[in-house]
Amino acid sequence: MTRSKQTVIALTALAAAISGALAQEVPGVTGSVSIGGISSNVDSQNPFRFDEYRDLSNGATGGFDLRTTGAGPWWFKGFGENIGRDDQFIEFKGGNSGVFKFQLYNDDIIHNTTHNALTPFTGIGTNNITFTGPSAPTNVSTWNRFDYSVKHRNYGGFAEGQATPDSPLYFRIDAKEKHSEGIRTLGAAGTSPGGPAYELPAPIDWKTTDISGEIGYSTRKMHLSVSYLYSKFEDDNEFLSWRTPQVTSGPNVEHSTIAMDNKLERWAANAIFRQLPWDSTLALRAVHTKVTNDFPIFPTFLSVSGTTGFDRLAGASSPNFSGEVVNESFSAAFNSRLAKGWDSKVYYNYYKRENNSSEIVFTPSGGGSGGTCDVNANGATLTTCSTEFLHFKKQNAGVELYYRVNPSNRLAIGYDYLDTERERLDFNENKEQKGWLEWKSGSLEYADLRVKYYHLNRTGTFLLGGSTVVFDRLVYRFDAAPLDRDVIKFTIEGSPMPLLDLGAEFIYKKNKYGDTVFGRTKDTRQEVSLSGSWGDAKVFRVTAFADWEHTQYDSSHWVGSTASYPVPIPPGSQCSSGCYPWSSEAKDKNYLFGVAADWPVNPRLRFYGSYIWTKADGSVDFEAPAFANAQPIRDYDNYKKQTLNLKGVWAATKQFDVTLGYAYEKYDYSDIQLNDYIYNIKTGSNQNFFSGAYAFPNYRANVVYGWLTYRF
Amino acid sequence: MKKTVGLMYSAVALVIALGALAMQSAVAAPPGPEVCAGCHEAYFNSFASSVHGNKAHPRSPASNGGCANCHGDGTKHVEAGGGRGVGGIVNPAAKSMPAAEKDKICLTCHEANRHLAFWDSGKHRKNDVSCTNCHSTHGDRDTLLKITNPQIAPLVNTSRVPQQEVCFTCHRDIRALVMRPSHHPIVEGKIKCTSCHNPHGALSPAMVNAESIKELCTTCHADKRGPFMFEHAPVEESCLNCHNPHGGRTVKLLNEKVPNLCQDCHDAAQHPGTMYDADNNFKAPSGPTSGPNSRFIARSCMNCHNEIHGSNTPAGRGRRFVR
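Structure, rendered in structure tokens:
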């Protein structure tokens, strides 16, 4: 019998015994205890999409739901499900009504991202992976099998209280800890740039600990509070050391970043004043957050030339890095009902990020080459590589006005302004203005309408317009590039007849980056959603949902040297692979239909069922000179998924319920980047080592489950 | 003897007087829940099983006047024999009642609750979403969430209340997103909408539980907090530049597939500007512009540039996020 089965049976028996004892010795305990099992049959090479967040492995399962029913002010509840399984949840709550309450919990989350991955490396799960022999084996049949999977164990709780039920003073303490263990994907280049690619198993052994406290004074007219949060992230494996496959002589150990320990401290203060003149409320919030870390810098890095490795000196200006990022924010909002039918909001938000980390300049030297990254204004490579930190400041202000024309109709209008200043090479400032209009109407007898339109205009101060480097002058990064956005949203909801609710929504969004030459030039989104439900929950109720969405991302680019820009040059002596402009349209169509029904046949028998069909088609069309021979992509995260879940619950006796269920799922996936997957593919002269991350996710599954519930 | 009899008569008179006073008080008070139960038994039972019906709670409606707290004085309603709205009886869940009036009933008791501190500033109040849109005051003691429809979901391992079903009533597009292959475990019951958002109001955009998107995401994803020796600017400014936290079809909840997403910002000589078309897949025949390309197959740019959220390795290896 597996350990999890033993655990489930033991815990369930214990819970039953405790509840029985409590029921006998302490009057006013009620609840239920369940024990059952799951049996899954899954046909798949990599069923991670089946069990990504669910533990549906064959085995026992159990749970409990207990609560006290005494007449006094003290109350307690206990709830647990999936006991002993990877997605276990246990919670205890209680308190003294109106004065004190607490919660303790354990919530396990499993995150599977690939089953049956393969690697030529040994030491999987450690921070030091290697292989035997002079070079890594390319025979996949000799590779080692493992799973990319991380389990998160969350423990925590809170306590909150006040001296008396009517006391305005309160306190709250929260504490939680998350342990994350497992393996995740880490990609690394054999050399930079170019060379082979390696997909490595990186160990995850993290702990995040949060402790916070809040004290406050809260009445109907006023709320004042101060809170402090301390959060510590610890990683037992800050770097992954790995032997590089292509090096057969000289040093051959690389170091890749996993995650560094860090600490966060946050102070926050809130002040809200209500029942001011014009039925107004003034809300204020200020927050100061500091994130820090400290670690020694590696004195060398590996440089690879052919099959020879060199431990090249990094030449750091300091042996240690002290990281410090400070975020400060202040928000204020004034809400008032100026007159009958009028509602308004005026607001201001300020956010500042300062990176006060130690600035490091690397001057690489010694054997091998590479490691520099700084360039001068003409694009010429320098002998150094310096850290660059982002500082930014955002100021946002706006006003919203709402006017109720009559009880059935309301108009709203708003204006929002956002100014962002940042230290960045390309755009050091953006100004965004957004205006919106909305009309809500309940004038139709059986339906409510809502129409909202907004337009956003973003301008930017571009610093590289005078650069001699063509790409620097013409590449506009979409997160800061000048932009015009239009969004329209239309919603209609109603009940045309008793027990029937219908709803429909249409969304259109367009982002146009009008000034962009290279980069994202436009993206659009159109979506239609329909929903409906009919019936009486006591007799029969069915609900359905359908959704269609189309998104498209357009972009423009240039391949190769820009010496001839904007004139394209075919492959030849001037441009080996050709130098030319090209553009793409990446399209995405998503479809979803779902229906669920609940049927209480009689007071003792209830059926539930749910069916979902969902599909996506992705593609990319290219436009390029004929000599580029651009081939469109037709399989881009294409998938089709169907799920069916049927369940029946029968109250066999007053104390016992029997639940039986069946689920069927089918997932078909096709993607040009993963189809015909080859773990040990050679690209040109480069020997790559891929592990199969996310590959072969198709699956078909049948699941049978059931449990017996004892109620008392 | 006479004195004793006199005292006895006085005591009896006092008792009768007190009794009369008590009876007057009883007649003057609104009808209690037991009276309402005579016609509204199902609602009475659901009220009794809810936290509002908990007489042990000193501030609950059950301890302070019962049904009249929310529905108003039902004396005339009872005298008239009942009926929708008759006698001034109030239904806080009625569609015809303005949202602000519904909220006023709940806020009579809950306005001082710390969870509602920013209610007036929140988008829900501004959009006429009232307490009774999401909460059923007669609901089960545990959550009071109003979920009336069966859940459209695949097999899930949780019997806990699916909070997201309340939100999806209005936020239909989000329901579609969380059903996509790449998603946070919302449907699975491990993450809730309130893990990231505060539906009761906040001063932050989209009423998130933090001052910025990055601060919100790194509450759970603390490994991405940094500070990093080499930062990636769009990561530091907002995770939403690359990710859609509600779900998508592309791994890691990306807005767009890689390399397209990366090439929307990176275009230069050599491989950032290369056109990665269908002729770069695993089985493509090799040619001048075709053949398997490690910058396209498998995880594309991430095959090499893995430390995309920031790197701590020295020199150019860290700057280019390849270590």
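As they're listed, the protein sequences go chains A and B.
Under the numbering used here, the first residue of the first sequence is numbered 3, with each subsequent residue one higher.
Under the numbering used here, the first residue of the second sequence is numbered 26, with each subsequent residue one higher.
For each residue, glycine too, the CB sits at the ideal point set by N, CA and C.
Since this is a predicted model, take the numbers as computed values, not measurements.
Residue-chain proximity (A261 (chain A), chain B), Cβ-Cβ < 8 Å: Position 259 of the first sequence, counted from the first residue, corresponds to residue 261 (chain A). At least one chain B Cβ lies under 8 Å of A261 (chain A).
Status (buried if at least 16 other CB within 10 Å, exposed otherwise) for A23 (chain A): Residue 23 (chain A) sits at position 21 when you count from the first residue of the first sequence. Only weak support exists for where A23 (chain A) lies, its pLDDT of 44 falling under 50; the value from the coordinates is given anyway. Answer is exposed; the Cβ neighbour count stays below 16.
Exposure label - M499 (chain A); buried when at least 16 CB within 10 Å: Taking the first residue of the first sequence as position 1, residue 499 (chain A) is located at position 497. Label assigned to M499 (chain A): exposed.
Chain A contact for P83 (chain B) (CB, 8 Å cutoff): For the purposes of this step, residue 83 (chain B) is taken as residue 58 along the second sequence, with counting starting at 1. Closer than 8 Å: yes.
Collapsed DSSP secondary structure at T144 (chain A) in the structure displayed: Along the first sequence, one-based indexing puts residue 144 (chain A) at 142. Reduced to three states, the DSSP call for T144 (chain A) is helix.
Residues sharing a beta bridge with C581 (chain A), DSSP: Position 579 of the first sequence, counted from the start, is the residue given in the question as residue 581 (chain A). BP columns for C581 (chain A) point to A:I571.
Inter-residue CB distance, A161 (chain A) and F104 (chain A) (contact presumed, cutoff 8 Å): Indexing the first sequence from 1 puts residue 161 (chain A) at position 159. Indexing the first sequence from 1 puts residue 104 (chain A) at position 102. 5 Å between Cβ atoms; contact.
Selected residue, minimal CA-CA separation from R715 (chain A), among B:C131, B:A142 and B:V76: This structure cannot settle anything about residue 715 (chain A), because the visible part of chain A is limited to 3 through 714.
Cutoff 8 Å: V347 (chain B) Cβ touching any chain A Cβ: On the second sequence, residue 347 (chain B) is found 322 positions in, with the first residue counted as 1. Closer than 8 Å to some Cβ of chain A, the Cβ of V347 (chain B) qualifies, so yes.
Under 9 Å (Cβ pairs) to chain B, residues found in the region 603–630 of chain A: Y610, G611, S612, Y613, I614, T616, A618, G620, V622, F624, A626, F629 and A630
The region 132–143 of chain A contacting the region 157–173 of chain A, beta-carbon criterion three pairs below 8 Å: no
Y68 (chain B), enclosing beta strand (DSSP E) - first and last residue: Reading the second sequence from its first residue, position 43 is the one you call residue 68 (chain B). Careful: Y68 (chain B) lies outside any beta strand (DSSP E), inside the alpha helix (DSSP H) at E66 to A73.
For S319 (chain A) and C375 (chain A), the rounded distance between their alpha carbons: Locating residue 375 (chain A) in the first sequence gives position 373, where the first residue counts as 1. Locating residue 319 (chain A) in the first sequence gives position 317, where the first residue counts as 1. For C375 (chain A) and S319 (chain A), the distance between alpha carbons rounds to 15 Å.
Segment contact flag, the region 109–116 of chain A with the region 147–156 of chain A, C-beta cutoff 8 Å, min 3 pairs: yes
Stretch pair the region 116–135 of chain A + the region 663–670 of chain A: three plus CB contacts closer than 8 Å: no
Neighbourhood of L286 (chain A) by C-beta distance below 6 Å, restricted to the same chain and skipping five residues each side: Indexing the first sequence from 1 puts residue 286 (chain A) at position 284. The residues are A273 and A334.
Rounded C-alpha distance that separates A697 (chain A) from G226 (chain B): Locating residue 697 (chain A) in the first sequence gives position 695, where the first residue counts as 1. Locating residue 226 (chain B) in the second sequence gives position 201, where the first residue counts as 1. So the two alpha carbons sit approximately 42 Å from each other.
Pairwise C-alpha distance: R412 (chain A) and S443 (chain A): Taking the first sequence and counting its residues from 1, the one referred to as residue 443 (chain A) is at position 441. Taking the first sequence and counting its residues from 1, the one referred to as residue 412 (chain A) is at position 410. Cα to Cα, the separation comes out at about 6 Å.
8 Å Cβ cutoff met for I213 (chain A) and R186 (chain A): Translated into the one-based positions of the first sequence, residue 213 (chain A) becomes position 211. Translated into the one-based positions of the first sequence, residue 186 (chain A) becomes position 184. For I213 (chain A) and R186 (chain A), no; Cβs fall outside 8 Å.
For Q397 (chain A): DSSP bridge partner residues: Here residue 397 (chain A) refers to the residue found at position 395 when the first sequence is read from its first residue. A:Y352 and A:D421, per the DSSP bridge assignment.
Neighbourhood of A340 (chain B) by C-beta, 6 Å cutoff - its chain only, sequence neighbours within 5 removed: Along the second sequence, one-based indexing puts residue 340 (chain B) at 315. Cβ within range, chain order: n/a, list empty.
Cβ of V191 (chain B) within 8 Å of any chain A Cβ: Numbered from 1 along the second sequence, position 166 holds the residue referred to as residue 191 (chain B). Output row for V191 (chain B): interface = no.
Whether F78 (chain A) touches G33 (chain A) by CB criterion (8 Å): For the purposes of this step, residue 78 (chain A) is identified with residue 76 of the first sequence, where counting begins at 1. For the purposes of this step, residue 33 (chain A) is identified with residue 31 of the first sequence, where counting begins at 1. Contact: no.
Beta bridge counterpart(s) of W77 (chain A) as assigned by DSSP: As a first step, residue 77 (chain A) must be located in the first sequence, where it is residue number 75. A:G97, per the DSSP bridge assignment.
Close beta carbons around A654 (chain A), own chain, < 7 Å, minus the five adjacent residues each side: Residue mapping note: residue 654 (chain A) aligns to position 652 of the first sequence, counting from 1. So the list reads V660, once near-sequence residues are dropped.
Neighbour list for T157 (chain B) in chain A, Cβ cutoff strictly below 8 Å: Here the question's residue 157 (chain B) lines up with position 132 in the second sequence. Simply none; closest approach about 16 Å.
Nearest-angstrom Cα separation, counted from S46 (chain A) out to K591 (chain A): Taking the first sequence and counting its residues from 1, one reaches residue 591 (chain A) at position 589. Taking the first sequence and counting its residues from 1, one reaches residue 46 (chain A) at position 44. Rounded to the nearest angstrom, the two C-alpha atoms are 26 Å apart.
Cutoff 8 Å: P253 (chain A) Cβ touching any chain B Cβ: What you label residue 253 (chain A) is simply residue 251 of the first sequence in a count that begins at 1. No, P253 (chain A) does not count as interfacial toward chain B.
Chain-ordered chain A contacts of C329 (chain B) [CB-CB under 7 Å]: Here the question's residue 329 (chain B) lines up with position 304 in the second sequence. Going along chain A in sequence order, the residues near C329 (chain B) (Cβ under 7 Å) are G189, A190, A191 and A199.
Contact belief for L286 (chain B) with C267 (chain B) at Cβ below 8 Å, rounded distance in angstroms: Position 261 of the second sequence holds residue 286 (chain B). Position 242 of the second sequence holds residue 267 (chain B). L286 (chain B) to C267 (chain B), Cβ: 6 Å. Contact.
CB contact below 8 Å: A20 (chain B) versus chain A: The structure shown does not extend to residue 20 (chain B), since chain B is modelled only from 26 through 348, so no value can be given for it.
Coarse secondary structure for E361 (chain A), derived from DSSP in three states: Position 359 of the first sequence holds residue 361 (chain A). DSSP places E361 (chain A) in coil when its eight states are reduced to three.
Rounded separation between E27 (chain A) and G72 (chain A) - CA only: In the first sequence, counting from the first residue as 1, residue 27 (chain A) sits at position 25. In the first sequence, counting from the first residue as 1, residue 72 (chain A) sits at position 70. Here E27 (chain A) scores only 40 on pLDDT, less than 50, and its place in the model is too uncertain to base an answer on.
Nearest residue (CA-CA) to K277 (chain B), options B:P224, B:Q288 and B:H246: Stepping through the second sequence from its first residue, residue 277 (chain B) is reached at position 252. Answer by Cα proximity: B:H246.
Own chain residues within Cβ distance below 6 Å of H140 (chain B), not counting five before or after: Here the question's residue 140 (chain B) lines up with position 115 in the second sequence. Hits under 6 Å: H225.
Range of the contiguous alpha helix (DSSP H) that encloses G273 (chain B): For the purposes of this step, residue 273 (chain B) is taken as residue 248 along the second sequence, with counting starting at 1. Where G273 (chain B) is concerned, there is no enclosing alpha helix (DSSP H), given that its DSSP letter is neither H nor E.
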